[in-house]
Amino acid sequence: MQPTTPPSTKSIQVSIKDLQLFHPYSSERAMPSVRDNGTFSTRDQNSAYGLGIIIEATNDTGEVLSDAWFEGSLRFVNGDREVECKFSPDSVGDLYNTTYTLHFNNVPDDAKADPFTGEKPSAWRNESNSTNESVWRPGEKIRLVSRKNECESVVIADMPPSQIRGRIVVKANKVFVKSYASVFDEGAFDLALVGDSVRIRDKASGHVAFVPVREEAEGNRSARNNVLTMTAAKDASKDAPAVPLTHLELRYPIRYTRADILEAAPLEFDLPPPSMTMQMVKLPSGEMVHASGNVLVYVKENKVVYQDMAKAKLSLLGVSREDVPGARPEVTFTKNELSGSVKNATITDHVDDSALSKGQRKLSVTWNLHLQGDGIDRRLRVPFDIASSEYEKAAADLQKADGGDAAAVADAKAAEAKAKAAKSAAETKYKSGMKGEREKLAKAFVCAEVKIATNRGTKSPSNGKAVGEACKALVTGSDDLEVTITYTLDRYEIPVALVYSLGGDFTWNPIASAPLLRLDPR
1 MQPTTPPSTK SIQVSIKDLQ LFHPYSSERA MPSVRDNGTF STRDQNSAYG LGIIIEATND
61 TGEVLSDAWF EGSLRFVNGD REVECKFSPD SVGDLYNTTY TLHFNNVPDD AKADPFTGEK
121 PSAWRNESNS TNESVWRPGE KIRLVSRKNE CESVVIADMP PSQIRGRIVV KANKVFVKSY
181 ASVFDEGAFD LALVGDSVRI RDKASGHVAF VPVREEAEGN RSARNNVLTM TAAKDASKDA
241 PAVPLTHLEL RYPIRYTRAD ILEAAPLEFD LPPPSMTMQM VKLPSGEMVH ASGNVLVYVK
301 ENKVVYQDMA KAKLSLLGVS REDVPGARPE VTFTKNELSG SVKNATITDH VDDSALSKGQ
361 RKLSVTWNLH LQGDGIDRRL RVPFDIASSE YEKAAADLQK ADGGDAAAVA DAKAAEAKAK
421 AAKSAAETKY KSGMKGEREK LAKAFVCAEV KIATNRGTKS PSNGKAVGEA CKALVTGSDD
481 LEVTITYTLD RYEIPVALVY SLGGDFTWNP IASAPLLRLD PR
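Sequential numbering of the sequence shown, starting at 1, is according to the UniProt record's numbering.
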């Protein structure tokens, strides 16, 4: 009696649960837990781009399926140039299992955490070892994940791509099909002995299978025959490389056709090309921050934070995003009588600067600094001007008293001497205070300590010593100064923001913009 199956009128329904574009500078390549139990699955840093994806698929075919998998690709396109990155499902089973899928099971509301591991209950289970539940029945949902893949090379950023196109096809095998057999005859099959294997060709489907005549020994098991009996055709030549057969019987049934594979309609998606370099994405808090691949770069509690998007509960497909500005944002500051602004910021590739090693780039940030010397002078002169005025009054009073009462003259002389001493002291303080005040203001913005936050980390200037010496001119008398601070970047390192202290206050000035995203493939 043959099993009956419902008609296959529907299909496999597929959706993307989470998607991450791993950047070469990602420290962890974190993904949300495929089991939804609050943990993260991570891998070590890898120097190439890669894709992390969690797929949910529902069996809406009306068939009982097994051995589900998917075939995926990510295409980086620029005109007629293209790089394809293929990816496939990882094992998401337990330590010693190789299953690709997790099955969804209802979890009771009062389910408790595992007493030994503390792991929270999850609806997603590995059922590969279950005789009854390992198949994929109609209406059931499964998950597949891919995160261990990597794209062919990091140099896909050299194009750069104008399109990033993704495609996924989920496939599975029907369980109830006439695709297994151990006995074959020449009526339905072309059979032949070829060397140490038998070749089985299904005349209906054209599928060809090769089965070794004899298994190799394994462990403590001795070698044994796969072929129980076979009959050569009467006209078969003994010396021919392939001996035609009329009948073949194997020890075990084999799957001899792939016509039983069902597949979902291709699921296609697009990724914004700036996700490879730099874009702005919205955190759950509503704040827009910089993102490079799956690496978030932003400020939290006066510190530069580097975080994987997955840990911020963001998926690349669902996140709200926007491009970085087309022009570099203005950078200015004012601290009392000291002010500064960035005049320009440029990147020089190693082929244009012999001082750089191959692959390095130099970011040059030119600052215009202005110290209001006149303002400092006016502020510091106030006590001296007051003392000078009081001395002039005392001198005038002494002239009026001269020749009069001796006691009045003595008092006037004493007042005049005191005022003169006060004026002298104020003058000395005024003159010495100019240098000290200029030095104090100059220290509010320490040129040599202006850092650059990139998608890889926070870096100090490469010419810090020379910059520090140049900025001393503000102390010695120059009111206006132009100084260029340089930073050495790696090939795919993108500037995000200037980071410095202004009078002890943490300051973050973004400079990420379209001109600074351009990568030189030379």
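Even for Gly, the Cβ is constructed at its ideal location relative to N, Cα and C.
query = Around the C-beta of I164, are 16 or more other C-beta atoms found within 10 angstroms, so that it is buried, or is it exposed?
reply = Your numbering for residue 164 matches position 164 in the sequence shown. I164 should be labelled buried.
ask   = Between the Cα of W69 and the Cα atoms of K120, S47, V14, which residue gives the shortest distance?
value = The residue labelled residue 69 in the question sits at position 69 within the sequence shown. Ranking the options by Cα distance to W69, first place goes to V14.
ask   = Going by Cα to Cα distance, which pick from L191, P253, S222, A345 is closest to A233?
value = Here residue 233 refers to the residue found at position 233 when the sequence shown is read from its first residue. Closest by alpha carbon: L191.
query = Can the beta-carbon of L356 be found less than 8 Å from the beta-carbon of F445?
reply = Position 356 of the sequence shown holds residue 356. Position 445 of the sequence shown holds residue 445. Result no, Cβ atoms of L356 and F445 do not sit closer than 8 Å.
query = Between the segment 508-517 and the segment 340-347, do at least 3 Cβ pairs fall closer than 8 Å?
reply = yes
query = Is L380 closer than 8 Å to E437 when the C-beta atoms are compared?
reply = In the sequence shown, the residue the question calls residue 437 occupies position 437. In the sequence shown, the residue the question calls residue 380 occupies position 380. Yes.
ask   = Nearest-angstrom Cα distance between M1 and R81?
value = The residue labelled residue 1 in the question sits at position 1 within the sequence shown. The residue labelled residue 81 in the question sits at position 81 within the sequence shown. Low confidence applies here, because M1 scores a pLDDT of 39, under 50, leaving its location unreliable; read the following figure in that light. Looking at the two C-alpha atoms, the distance is approximately 57 Å.
V342: first and last residue of the uninterrupted beta strand (DSSP E) it sits in = Numbered from 1 along the sequence shown, position 342 holds the residue referred to as residue 342. First-last of the beta strand (DSSP E) with V342: 338-349.
request  = List the whole-angstrom C-beta distance separating E140 from F104, where the pair is believed to meet the contact cut-off of C-beta under 8 Å.
outcome  = One-based indexing of the sequence shown puts residue 140 at position 140. One-based indexing of the sequence shown puts residue 104 at position 104. Contact holds; Cβ gap of about 7 Å.
inquiry  = If you reduce the DSSP assignment to three classes, tell me which class P515 lands in.
reply    = As a first step, residue 515 is located in the sequence shown; it is residue number 515 there, counting from the start. Of the three classes helix, strand and coil, the one that applies to P515 here is helix, per DSSP.
task = Tell me whether P521 sits in a helix, a strand or coil according to DSSP, three-state version.
result = By 1-based counting over the sequence shown, the position of residue 521 is 521. Correct three-state label for P521: coil.
V34 - DSSP class collapsed to helix/strand/coil = By one-based count along the sequence shown, residue 34 stands at place 34. Correct three-state label for V34: coil.
inquiry  = Distance check for K174 and N225, CA to CA, integer angstroms please.
reply    = The count along the sequence shown starts at 1 and reaches residue 225 at position 225. The count along the sequence shown starts at 1 and reaches residue 174 at position 174. When rounded, the distance between both Cα atoms is 29 Å.
query = Around the Cβ of I386, are there at least 16 other Cβ atoms within 10 angstroms (buried) or fewer (exposed)?
reply = Locating residue 386 in the sequence shown gives position 386, counting from the first residue. So I386 ends up on the exposed side.
key: Pair within 8 Å by beta-carbon distance, A470 and V450   = Counted from its first residue, the sequence shown places residue 470 at position 470. Counted from its first residue, the sequence shown places residue 450 at position 450. In this structure, V450 does not lie closer than 8 Å to A470 by Cβ.
inquiry  = Following a CB-centred definition, is D110 positioned closer than 7 Å to any heavy atom of the ligand HEM?
reply    = Looking for the ligand HEM in the displayed structure turns up nothing, as the structure carries no ligands at all.
message = Output needed for G373: all residues of its chain with C-beta closer than 7 Å, excluding positions within five of it in sequence on either side, in chain order.
response = As a first step, residue 373 must be located in the sequence shown, where it is residue number 373. Closer than 7 Å at the Cβ level, and outside the excluded window around G373, lie D479.
key: Run of the beta strand (DSSP E) containing F87, from where it starts to where it stops   = Translated into positions along the sequence shown, residue 87 becomes position 87. Where F87 is concerned, the enclosing beta strand (DSSP E) stretches over 81-87.
task = Inspect the CB distances between the segment 499-511 and the segment 317-336 and report whether three or more fall short of 8 Å.
result = yes
ask   = On the three-state DSSP scale, how would you describe S389?
value = Numbered from 1 along the sequence shown, position 389 holds the residue referred to as residue 389. Helix.
task = Can you check DSSP and say which residues form a bridge with S146?
result = Sequence index remark: in the sequence shown, residue 146 carries index 146 (1-based). DSSP output for S146 lists I53 as bridge partner(s).
Per-residue DSSP class, three states only, for P244 = Numbered from its first residue, the sequence shown carries residue 244 at position 244. It is a strand residue.
query = So which of G166, L489, V475, P272 has the shortest CA-CA distance to K358?
reply = Taking the first residue of the sequence shown as position 1, residue 358 is located at position 358. Comparing Cα-Cα distances from K358 to each of G166, L489, V475, P272, the minimum goes to L489.
inquiry  = Less than 7 Å between C-beta atoms, sequence neighbours within five positions excluded: which residues of the same chain meet that for F189?
reply    = For the purposes of this step, residue 189 is identified with residue 189 of the sequence shown, where counting begins at 1. Around F189: I200, R201, D202, K203.
inquiry  = Here's the rule: buried if 16 or more other CB atoms are within 10 angstroms of the residue's CB, otherwise exposed. What is G38?
reply    = For the purposes of this step, residue 38 is identified with residue 38 of the sequence shown, where counting begins at 1. Result: exposed.
key: Beta bridge counterpart(s) of Q372 as assigned by DSSP   = By one-based count along the sequence shown, residue 372 stands at place 372. Q372 is not bridged to any residue.
query = If you follow the beta strand (DSSP E) that D166 is part of, which residue opens it and which one closes it?
reply = Here the question's residue 166 lines up with position 166 in the sequence shown. Position check: residue 166 holds Gly in this sequence, whereas Asp was assumed. Per DSSP, G166 belongs to the beta strand (DSSP E) from 163-174.
request  = Please look up how many angstroms separate the CB atoms of S364 and T486, rounded, as I've assumed it's under 8 Å.
outcome  = Counting from 1 along the sequence shown, the entry for residue 364 is found at position 364. Counting from 1 along the sequence shown, the entry for residue 486 is found at position 486. Confirmed, Cβ separation roughly 5 Å.
task = Indicate the three-state DSSP secondary structure (helix, strand or coil) for K203 in the structure shown.
result = For the purposes of this step, residue 203 is taken as residue 203 along the sequence shown, with counting starting at 1. Three-state DSSP puts K203 in coil, outside helix and strand.
inquiry  = Assuming the contact rule is C-beta atoms closer than 8 Å, V299 and H290 should be a hit. Round their C-beta distance to whole Å, please.
reply    = Taking the first residue of the sequence shown as position 1, residue 299 is located at position 299. Taking the first residue of the sequence shown as position 1, residue 290 is located at position 290. Actually they are not in contact, since the Cβ atoms of V299 and H290 sit about 10 Å apart, beyond 8 Å.
inquiry  = Check for me: the beta strand (DSSP E) holding K443 runs from which residue to which?
reply    = For this step, residue 443 is matched to residue 443 along the sequence shown. Looking at the DSSP string, K443 is not in any beta strand (DSSP E); the run it does join, the alpha helix (DSSP H), is 406-443.
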